[in-house]
Amino acid sequence: MVHPLITQDHIDQYQKDGVVLIRGLFAHQVETLRKGVAANMAEPGPYASNNFKEGESGRFFDDYCNWTRIAEFQDAIKAAPVAEVAADLMCSNSVQMFHDHVLVKEPGTSMATPWHQDGPYYFVEGQQNISFWSPLDPVREASLRCVAGSHRWEKEVLPTRWVSEADFFPDEGQYMPVPDPEAEGMKILEWEMEPGDAVAFNYKTLHGARGNTSDSRRRAFSLRLVGDDARYVERPGPTSPPYPGHEMVPGHRLREDWFPMLLQR
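Mapping to the numbering used here: the sequence shown position 256 is 256, numbers consecutive.
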């Protein structure tokens, strides 16, 4: 029995395309999350940044790993059916917390979110993983864009630093160059979304977003979770998030005192 918010078609699309739209996942937590984002921006964490390129306009704020200190994020994660929906989509018996991420593009922000896969930045491997990207404002042109089927590519995409565009790791041989999905005719999925809707996507799904050229803010809350087969892995350099001092060993599950279990069936 799957959660009432989704059907078997959602699960099939997630497995096939690596991305699916879930209407209303955070519908009852929008105001709570907006308060959490305001608190996050008022007191940014150690990983916060205001992404800005020379010649670009506006402000693109992002920050992550704040759910343990911002009560509104904790409340929304507990109240929304994220664990149940994640378990169904991942086909996993367990759902474990990884981290949260806030992304805010103020009106007139020209900087796009560059095409990338999240997986190569992370110290976790496995096919049973999921990100929920939920806008807290109506989105049209500034919605998340995902390349269907990219989670099944043989080689991962080279991770880069968003502003400098420098390579994230010193050894790039194991990665493929960042593609240009539009120029290469790839199938790009994107949706007009209302506050509380969520795009669910695999860590290896190539995704990005346009700048926010509208006269409204585009606030988004993202939640990253892992399932049964997720294991710690070492990368060629520091990961993002780094989680210093975690003391985990390759091949082990993520430590539950730092990454609590949200659901166990």
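Think of the CB as a built atom: it goes at the ideal place given N, C-alpha and C, for glycine as much as any other residue. Please read these numbers as outputs of a predicted model, since none were measured by experiment.
Which of helix, strand or coil DSSP assigns to residue i
i, result
"H3", "coil"
"L158", "coil"
"A112", "coil"
"E56", "coil"
"I77", "helix"
"D9", "helix"
"V30", "helix"
"H151", "helix"
"P177", "coil"
"Y64", "strand"
"Y232", "strand"
"M186", "coil"
"E192", "coil"
"E256", "coil"
"F141", "Here residue 141 is Glu; the residue named in the question, Phe, does not match the sequence. Of the three classes helix, strand and coil, the one that applies to E141 here is coil, per DSSP."
Option nearest residue i by Cα separation, candidates the options
i, options, result
"D197", "R34, L136 and D257", "L136"
"K187", "Q174, R219, A148 and V157", "A148"
"N202", "F26, L89 and H252", "L89"
"G58", "A27, R218 and L189", "R218"
"Q74", "E84, P250 and M97", "M97"
"P114", "A142, F132, S92 and F123", "A142"
"A266", "K204, D257, Q29 and P4", "It is not possible to answer for residue 266, since the shown part of the chain is limited to 1 through 265."
"L103", "M41, K204 and C91", "M41"
"L144", "N129, I130 and A112", "A112"
"C146", "R210, H101 and V37", "R210"
"Y47", "D100, P195 and S92", "D100"
"T7", "W191, K16 and I22", "I22"
"H151", "V37, P107 and D118", "D118"
"M139", "N212, E184, A76 and S110", "Per the sequence presented here, residue 139 reads as Val, with Met not at that position. The residue with the shortest Cα to Cα distance from V139 is N212."
"E192", "P44, E56, S134 and E256", "S134"
"L263", "C91, N66 and I11", "C91"
"G227", "L254, D63, C65 and G36", "L254"
Start-to-end residues for the alpha helix (DSSP H) that takes in residue i
i, result
"L89", "V82 to M90"
"A200", "Careful: A200 lies outside any alpha helix (DSSP H), inside the beta strand (DSSP E) at A198 to F201."
Neighbourhood of residue i by C-beta, 7 Å cutoff - its chain only, sequence neighbours within 5 removed
i, result
"Y175", "P120, K155, E156, V157 and L158"
"F132", "L25, V82, A198, A200, S222 and L223"
"Q127", "D229"
"A39", "I70 and E72"
"V85", "H3, L5, I6, I22 and L25"
Where the beta strand (DSSP E) through residue i begins and ends
i, result
"Q264", "M261 to Q264"
"A209", "H207 to A209"
"L21", "V19 to I22"
"M248", "M248 -> no beta strand (DSSP E), and no H or E assigned at all."
"R218", "R218 to V226"
"M97", "S94 to K105"
"P135", "N129 to P135"
Contacts around residue i, its chain only, beta-carbon distance under 6 Å, and the 5 residues preceding and following it disregarded
i, result
"H252", "Y232"
"H10", "V20"
Proximal residues to residue i (C-beta, below 8 Å), its chain only, five neighbours per side dropped
i, result
"A79", "H28, Q29 and T32"
"T68", "Q74"
"E234", "F123 and P250"
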